[in-house]
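This note's numbering runs 56 ahead of the 1-based position in the sequence shown.
Structure first, commentary second.
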Amino acid sequence: MHADHVHATAGPPGAWTALRGPSARPRSARPSGAAPARGAAGRRPATGSPRGGPPRGRLPGGPGGLRALHARARRAWDRPLTAYYLVLGGSLLITVLGLVMVYSASQIKALQSGLAPTYFFRKQLLAAAIGTVLLLVAARLPVKVLRALAYPLLAVSAFLLVLVQVPGIGETINGNTNWISLGGPFQAQPSEFAKLALVLWGADLLARKQQKKLLTQWKHLLVPLVPVTFVLLGLIMVGGDMGTTVVLTFVLFGLLWVAGAPTRLFAGVIGVTGALAVLFIKTSANRMSRLDCIGATDPGANDQCWQAVHGIYALANGGWFGAGLGASVEKWGELPEPHTDFIFAITGEELGLAGTLSVLALFAALGYAGIRVAGRTEDPFVRYAAGAVTTWITAQAVVNIGAVLGLLPIAGVPLPLFSYGGSALLPTMFAIGLLIAFARDEPGARAALAMRQPGVRWKTMRRRVKKRPSGER
C-alpha cells in the first residue's frame with residue numbers, strides 16, 4: 057500500500073526565539089523519537105499512481121508536489137552555509153548596484169559643479185575598493201583581536217567627535233558640523249565610525265558581564281552602556297546630525313534587546329530618548345519643518361517640502377519597470393541629493409518598482425542572515441555584535457527608505473552600501489566583514505566550506521583512488 061502523504065520533519069526553529077537573552081542556545085527541532093527526514097537521493101520517486109492517474113509528486117500544483125518542493129526548499133534554507141552566502145551575496149549585489157546608481161545619479165550633479173561626469177563615481181569606486189580590503193581583513197580577524205580593538209576604537213571615535221567641534225578643524229556641510237577635512241576633496245565623518253565603535257565596545261562589554269552572570273541586574277545591564285551611548289549621542293547632536301543620532305539609538309536598543317532587557321527597562325530608555333528627541337526637534341525650525349513634510353504632496357509656499365515631494369515624483373515616474381538606466385528626469389536639478397540621501401528615489405525612477413523591490417529583498421535577506429547568525433552562535437560576543445550590526449544596517453535602511461517614501465521625516469542618512477559617501481561605506485563594509493566571519497563559524501559551516509575547497513576535494517579523490525576494490529591486484 058502506498059502512503060497518501062509525504063511527511064517531512066519540521067526544520068529548526070527560527071533564530072528569533074534563540075536570539076534574545078544570555079541563555080539563548082540553539083535547539084534541536086526534531087521531537088524525541090521522530091525519524092529524520094529522508095533526502096531526495098535516499099528514496100526513488102514514485103513513477104505512477106495506483107489508480108493509473110498522473111505521476112504522484114510531479115504536478116507543480118498538486119499537494120504532493122507542493123509539499124515536496126517545500127521540503128526541498130526547507131532543507132536548502134537550513135544548510136550551514138545559507139547565512140554565509142546570504143551575507144556575502146547580498147552585500148556584494150547591494151554594493152555593485154549602488155555603484156551603478158551612483159554613476160547614473162551623480163553625473164548631472166558633477167557637471168553642475170564644474171567637475172568631470174565620473175567624479176563622484178570614481179571616489180565611490182575608490183572607497184569601495186578600500187572597503188573591500190577592510191571587509192576581507194574583518195572576515196579574517198580572530199574574535200580576540202576584535203574585542204581588543206573595541207576600547208581603542210571607542211576612544212578614538214569620541215576624540216574625533218570632540219575634534220569636529222574645534223573651530224578650524226570641523227567642517228559644516230548641509231548645516232551639520234560633523235566633518236573633518238583630510239586634504240583636497242576628501243573629508244571624514246567621525247559619527248559614522250562611532251557606530252562601529254559602539255557595536256564592538258557594547259558587544260564586548262555585555263559579553264564580559266554575561267560571563268560574570270551580571271546581566272540579571274538592571275544596573276549592570278544599563279551601566280555603563282547607556283551613559284556612554286548618551287555621551288556619543290550628545291557629541292553628535294552638537295553638530296546637528298539628527299539622522300546618525302537616530303541610527304545610533306537603534307544600535308543601543310538592539311544591544312539591549314539581544315541582552316534580554318525586560319520591557320520596563322526598554323520603556324524607561326525609550327522614554328528618556330523620546331523626551332530628548334522632542335527637545336531637540338522643538339528647538340530647531342528646520343527639524344520641525346521636516347515633520348510637516350511627512351506625506352506631503354505639495355512643495356509648500358516656501359518650497360520647504362521640495363525634496364520630499366520630488367522624491368515621490370521620481371518614484372511615480374518609474375512605474376513598474378522604470379524609465380531606463382540613466383533616463384531619470386528628477387536628477388536634472390529637480391531632486392536635491394540624488395546620489396546620496398535620495399538615491400533610492402532615482403533607483404525607482406530608472407529601474408521602477410521591480411528595481412526598488414529587488415533592493416528591499418536584498419536588505420531583507422541581509423537582515424535575516426544577521427538574525428540567524430546571532431541566534432545560532434554559542435559565543436556571547438558574536439551574538440551581541442551580530443545583532444547590533446544587523447540592527448544598524450536594517451534600521452538605517454528603514455530610516456532612509458521611509459523618508460524617500462514620505463513615511464518618515466527626512467533624517468539625512470545614506471542608504472547603507474548603496475548611497476554615495478566613503479565615510480559611511482568604509483565602516484559598513486567592515487561590519488559586513490564581521491558578519492561574514494561570524495557566519496563562517498556557524499555550526500557545520502566551516503567544515504562545509506573546507507569541503508568546497510578544490511585542494512580538499514583533490515586530496516579526497518586521491519585517497520579514494522588508493523583504496524582498491526576487494527580482489528584487485
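Backbone N, C-alpha and C fix where the C-beta goes; we use that ideal spot for every residue, glycine too.
- Between Thr-285 and Lys-275, the alpha-carbon positions lie close to 15 Å from each other.
- Distance between Pro-280 and Leu-261, taken at the CA atoms: about 9 Å.
- Gly-239 has Phe-242 as its beta-bridge partners, per DSSP.
- Between Val-303 and Ala-451, the C-beta gap is smaller than 8 Å, which places the two residues in contact.
- With distances taken between CA atoms, Gln-266 lies nearest to Leu-311 out of Asp-397, Leu-311, Ala-250.
- Its chain contains Leu-256, Trp-257, Asp-260 as the residues whose beta carbon lies nearer than 6 Å to that of Ala-206, once the 5 sequence neighbours on both sides are disregarded; these appear in chain order.
- Collapsing the DSSP output to three states places Thr-353 in coil.
- The three-state reading of DSSP puts Thr-174 in coil, since its state is none of H, G, I, E or B.
- Per DSSP, reduced to three states, the secondary structure at Gly-458 is helical.
- For Gly-423, the number of other beta carbons within 10 angstroms of its own is at least 16, and it is reported as buried.
- Distance from the CA of Val-314 to the CA of Thr-446, rounded to the nearest whole angstrom, comes to 11 Å.
- In the three-state DSSP reduction, Gly-226 falls in the strand class (E or B).
- Segment contact: the stretch 423-434 against the stretch 487-501, three or more CB-CB distances shorter than 8 Å; contact assigned.
- Annotation: the continuous alpha helix (DSSP H) that includes Ala-480 extends over 478-496.
- Residue Gly-489 holds the alpha-carbon nearest to the alpha-carbon of Pro-198 among Gly-489, Ile-368, Phe-400, Arg-508.
- In the three-state DSSP reduction, Thr-233 falls in the strand class (E or B).
- Rounded to the nearest whole angstrom, the C-alpha separation of Ser-213 and Ile-449 is 19 Å.
- A Cβ-Cβ distance of about 3 Å is found for the pair Gly-378 and Gly-408, placing them in contact under the 8 Å criterion.
- Sequence-distant Cβ neighbours of Gln-163 in its own chain, meaning closer than 6 Å and more than five residues away, are Pro-173.
- Restricting attention to Phe-400, Val-193, His-126, Asn-342, the CA atom closest to the CA of Tyr-369 is found in Phe-400.
- For His-366, the enclosing alpha helix (DSSP H) begins and ends at 362-374.
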